[in-house]
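Student: Counting in our numbering, the sequence shown runs from 2 upward without gaps.
Cβ coordinates follow ideal geometry from the N, Cα and C atoms, glycine included.
Just so we're clear, the structure is a prediction, and the values are computed from it rather than from any experiment.
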Amino acid sequence: MRQADPSVVTGLARHAGVGPALSLNVFTRNGFRMRRMLAAGAIALLMSPIGHVARAEPVATVLPAITYATADGRDLLLDLYLPATGPAPAPLIVYIHGGAWKFGSRTNDGNAMPWGTVAGMAATLTARGYAVASVEHRFSTQVRWPAQLYDVKAAVRWLRANAGEYHLNPEKVAAWGDSSGGQLAAMLGVTGDDRRFEGDLGNADQSSRVQAVVDWFGPTDLRTMDRQRAPFGLRHDAAGSPESDLLGCVPSSCPELAGDASPIDHISDRTPPFLIEHGRFDHIVPFGQSPEFYDALTAAGVPAEFHAYDTDHEFLGPTPMAEILDPFYRFLDRELR
Numbered sequence: 002m003r004q005a006d007p008s009v010v011t012g013l014a015r016h017a018g019v020g021p022a023l024s025l026n027v028f029t030r031n032g033f034r035m036r037r038m039l040a041a042g043a044i045a046l047l048m049s050p051i052g053h054v055a056r057a058e059p060v061a062t063v064l065p066a067i068t069y070a071t072a073d074g075r076d077l078l079l080d081l082y083l084p085a086t087g088p089a090p091a092p093l094i095v096y097i098h099g100g101a102w103k104f105g106s107r108t109n110d111g112n113a114m115p116w117g118t119v120a121g122m123a124a125t126l127t128a129r130g131y132a133v134a135s136v137e138h139r140f141s142t143q144v145r146w147p148a149q150l151y152d153v154k155a156a157v158r159w160l161r162a163n164a165g166e167y168h169l170n171p172e173k174v175a176a177w178g179d180s181s182g183g184q185l186a187a188m189l190g191v192t193g194d195d196r197r198f199e200g201d202l203g204n205a206d207q208s209s210r211v212q213a214v215v216d217w218f219g220p221t222d223l224r225t226m227d228r229q230r231a232p233f234g235l236r237h238d239a240a241g242s243p244e245s246d247l248l249g250c251v252p253s254s255c256p257e258l259a260g261d262a263s264p265i266d267h268i269s270d271r272t273p274p275f276l277i278e279h280g281r282f283d284h285i286v287p288f289g290q291s292p293e294f295y296d297a298l299t300a301a302g303v304p305a306e307f308h309a310y311d312t313d314h315e316f317l318g319p320t321p322m323a324e325i326l327d328p329f330y331r332f333l334d335r336e337l338r
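#1: Return the chain-ordered list of same chain residues with a C-beta closer than 8 angstroms to the C-beta of Y310, the five sequence neighbours on each side being excluded.
#2: Can you have a look at R271 and say buried or exposed, based on whether 16 or more other CB atoms are within 10 angstroms of its CB?
#3: May I ask you to report which of helix, strand or coil DSSP gives T68?
#4: Measuring alpha carbon to alpha carbon, tell me which residue in R331, S245 and F275 is nearest F140.
#5: Which one or two residues does DSSP pair with D80 in a beta bridge?
#6: Kindly indicate which three-state DSSP category W159 falls into: helix, strand or coil?
#7: Let's see if you can read the secondary structure: which residues bound the alpha helix (DSSP H) around A186?
#8: To the nearest angstrom, how far is the alpha carbon of E199 from that of R230?
#9: What does DSSP give as the partner residue(s) for I277 in the beta ladder?
#10: Is there contact between the region 213-225 and the region 285-302, where contact requires at least three CB pairs shorter than 8 angstroms?
#11: Is G117 helix, strand or coil by DSSP?
#12: Do you know whose CA, among A301, D152, H168 and M188, lies nearest N204's CA?
#13: Helix, strand or coil: how does DSSP classify P147 here?
#14: Using 10 angstroms around the beta-carbon of T192, count the other beta-carbons present and answer buried if the total reaches 16, otherwise exposed.
#15: Report yes or no: do three or more beta-carbon pairs, one from the region 152-172 and one from the region 100-114, lie closer than 8 angstroms?
#16: Quick one: what does DSSP say P171 is sitting in, helix, strand or coil?
#17: Count the other CB atoms within 10 Å of the CB of A91; is the residue buried (16 or more) or exposed (fewer)?
#18: Can you have a look at S269 and say buried or exposed, based on whether 16 or more other CB atoms are within 10 angstroms of its CB?
#19: Between which two residues does the alpha helix (DSSP H) containing I325 stretch?
#20: Let's see if you can read the secondary structure: which residues bound the alpha helix (DSSP H) around P287?
#21: Counting Cβ pairs closer than 8 angstroms, one from the region 166-176 and one from the region 249-259, do we hit at least three?
#22: What is the rounded straight-line gap between the Cα of A132 and the Cα of R228?
#23: Measuring CB atoms only, is the region 80-87 touching the region 123-137, in the sense that at least three cross pairs come out at less than 8 angstroms?
#24: Pick helix, strand or coil for S24, following the three-state DSSP scheme.
#25: Determine the extent of the alpha helix (DSSP H) in which L93 is found, giving its start and end residues.
#26: Excluding sequence positions up to five away, which residues of its chain have a Cβ less than 7 angstroms from the Cβ of H284?
#27: Residues bridged to G178 by DSSP?
#28: Per DSSP, what are the beta-bridge partners of R75 in this structure?
#29: Comparing alpha-carbon positions, which option in E257, L202, W116 and A187 lies nearest G74?
#30: Do R161 and Q207 have their C-beta atoms within less than 8 angstroms of each other?
#31: CB S209 to CB D194, shorter than 8 angstroms?
#32: Return the chain-ordered list of same chain residues with a C-beta closer than 8 angstroms to the C-beta of P88, the five sequence neighbours on each side being excluded.
#33: Give the straight-line distance between the Cα atoms of Y69 and H138, rounded to the nearest whole angstrom.
#34: What does the Cβ neighbour count give for R224, buried or exposed, with the cut at 16 atoms within 10 Å?
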């Protein structure tokens, strides 16, 4: 198991906060343990409804830069955050970062989104008894679709194969992603064990199926995005767009391939429950993607929940984050407990 620099545990130290501290055990490349103290007041302020974190002082274990597969001569990595308390084995949340399929990182490079940092959200979730795996994938600048889905499916299979070692519950796995990561999380949900999308990156005896999906403003139909885009919004059906770079063709010129990458085309009676959250003023991923997908899910009898907010991309806007995160926590508690 490869372990790397503990700097991935970016913190909240730069944010002012008061209250008890949440401590993290971080294992370095050589196996030495460092303890990072995160201000629980800052976590509560930035990332959680009142009382989720500041009420306790759990110690979470962080295992950064674990190799889950090797592809094209490079290691594919995940960071694993393990709870100190809660049910054992722990339910698992697999987080997939955004970035138009061509940039970003499993740590968001320590940058705080309106919803917080990856490390901060993981701290909040581990305090609630969940394990969190933040996974990376190959970019569209390196490989075309469906390599990105192959990668995240390989991560889920690796986590199941190693569930015993890390005290994870292989029957309680949720996928969560934002933006392009939301599309990949949704694809994990709707493709289940579809062999067409499994790839060959290891642990073929394990399932890549997930039991729940949180889709934060992810593309769900690559063929309709331009028709739904906001004024001055990003163009999608054009050369050089994120979707064209992902597919290797403009979506309208390759509708079959665009459909393969569209979660809406793969809904079935085996699709797990979904939570969808999206801002009405999103200028990057058109808001219309989410109600269209929600309607398709419910028409197929899939349990689904949809919340819309007066925000832009990444929930930038006036809506309090507690209002956005409350359905997130409630959904996970309902589906993974």
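Tutor: So, from the data block:
#1: In the sequence shown, residue 310 corresponds to position 309, counting from 1. Closer than 8 angstroms at Cβ, skipping near neighbours: E278, H279, G280, R281, F316, G318, T320, E324 and I325.
#2: Counting from 1 along the sequence shown, the entry for residue 271 is found at position 270. When all chains shown are included, R271 counts as exposed.
#3: The count along the sequence shown starts at 1 and reaches residue 68 at position 67. The answer is strand: DSSP assigns T68 an E or B state.
#4: As a working note, residue 140 is residue 139 in the sequence shown. Minimum Cα-Cα distance from F140 among the listed residues R331, S245 and F275 corresponds to S245.
#5: Numbered from 1 along the sequence shown, position 79 holds the residue referred to as residue 80. Paired residues: S135.
#6: Locating residue 159 in the sequence shown gives position 158, counting from the first residue. W159 sits in a helix when the DSSP states are folded into three classes.
#7: For this step, residue 186 is matched to residue 185 along the sequence shown. Its alpha helix (DSSP H) spans residues S181 to T192.
#8: Reading the sequence shown from its first residue, position 198 is the one you call residue 199. Reading the sequence shown from its first residue, position 229 is the one you call residue 230. For E199 and R230, the distance between alpha carbons rounds to 31 angstroms.
#9: Locating residue 277 in the sequence shown gives position 276, counting from the first residue. D216 and F307.
#10: yes
#11: The sequence position of residue 117 within the sequence shown is 116, counting from 1. In the three-state DSSP reduction, G117 falls in the strand class (E or B).
#12: Taking the first residue of the sequence shown as position 1, residue 204 is located at position 203. Minimum Cα distance to N204 is reached at D152.
#13: Taking the sequence shown and counting its residues from 1, the one referred to as residue 147 is at position 146. P147 falls in the coil class under three-state DSSP.
#14: Locating residue 192 in the sequence shown gives position 191, where the first residue counts as 1. The residue is buried, with at least 16 neighbouring Cβ atoms inside 10 Å.
#15: no
#16: Counting from one through the sequence shown, the residue named residue 171 turns up at place 170. Strand at P171.
#17: Within the sequence shown, numbered from 1, the residue matching residue 91 stands at position 90. It is buried - the Cβ of A91 has at least 16 other Cβ atoms within 10 Å.
#18: Locating residue 269 in the sequence shown gives position 268, where the first residue counts as 1. Counting Cβ neighbours within 10 Å, S269 comes out exposed, since fewer than 16 surround it.
#19: In the sequence shown, residue 325 corresponds to position 324, counting from 1. Taken as a continuous stretch (DSSP letters only), the alpha helix (DSSP H) holding I325 covers M322 to L337.
#20: In the sequence shown, residue 287 corresponds to position 286, counting from 1. Premise fails: P287 is in no alpha helix (DSSP H) and is neither H nor E.
#21: The region 166-176 vs the region 249-259: no contact.
#22: If you number the sequence shown from 1, residue 132 lands on position 131. If you number the sequence shown from 1, residue 228 lands on position 227. C-alpha separation (whole angstroms): 39 angstroms.
#23: yes
#24: Residue mapping note: residue 24 aligns to position 23 of the sequence shown, counting from 1. Legend: pLDDT at S24 = 42, less than 50; position of this residue unreliable, value from coordinates given subsequently. Note: S24 maps to strand in three-state DSSP.
#25: Within the sequence shown, the letter at position 92 stands for residue 93. Here L93 belongs to no alpha helix (DSSP H); instead the beta strand (DSSP E) covers A91 to I97.
#26: Counting from 1 along the sequence shown, the entry for residue 284 is found at position 283. Counting only Cβ-Cβ distances below 7 angstroms, and skipping sequence neighbours, we find A231, F233, G234, L235, D313 and H314.
#27: Translated into the one-based positions of the sequence shown, residue 178 becomes position 177. The partner list for G178 (beta bridge, DSSP) reads I97 and D216.
#28: Position 74 of the sequence shown holds residue 75. Per DSSP, A72.
#29: Within the sequence shown, residue 74 is the residue found at index 73, counting from 1. It is L202.
#30: Position 160 of the sequence shown, counted from the first residue, corresponds to residue 161. Position 206 of the sequence shown, counted from the first residue, corresponds to residue 207. Their beta carbons are under 8 angstroms apart, which means R161 touches Q207 by this criterion.
#31: Taking the first residue of the sequence shown as 1, we reach residue 209 at position 208. Taking the first residue of the sequence shown as 1, we reach residue 194 at position 193. Yes, the pair counts as a contact, with Cβ atoms nearer than the cut-off.
#32: As a working note, residue 88 is residue 87 in the sequence shown. Cβ neighbours of P88 beyond the five flanking positions: G130, N170 and R338.
#33: As a working note, residue 69 is residue 68 in the sequence shown. As a working note, residue 138 is residue 137 in the sequence shown. Between Y69 and H138, the C-alpha separation is close to 11 angstroms.
#34: Reading the sequence shown from its first residue, position 223 is the one you call residue 224. Flag for R224 reads buried.
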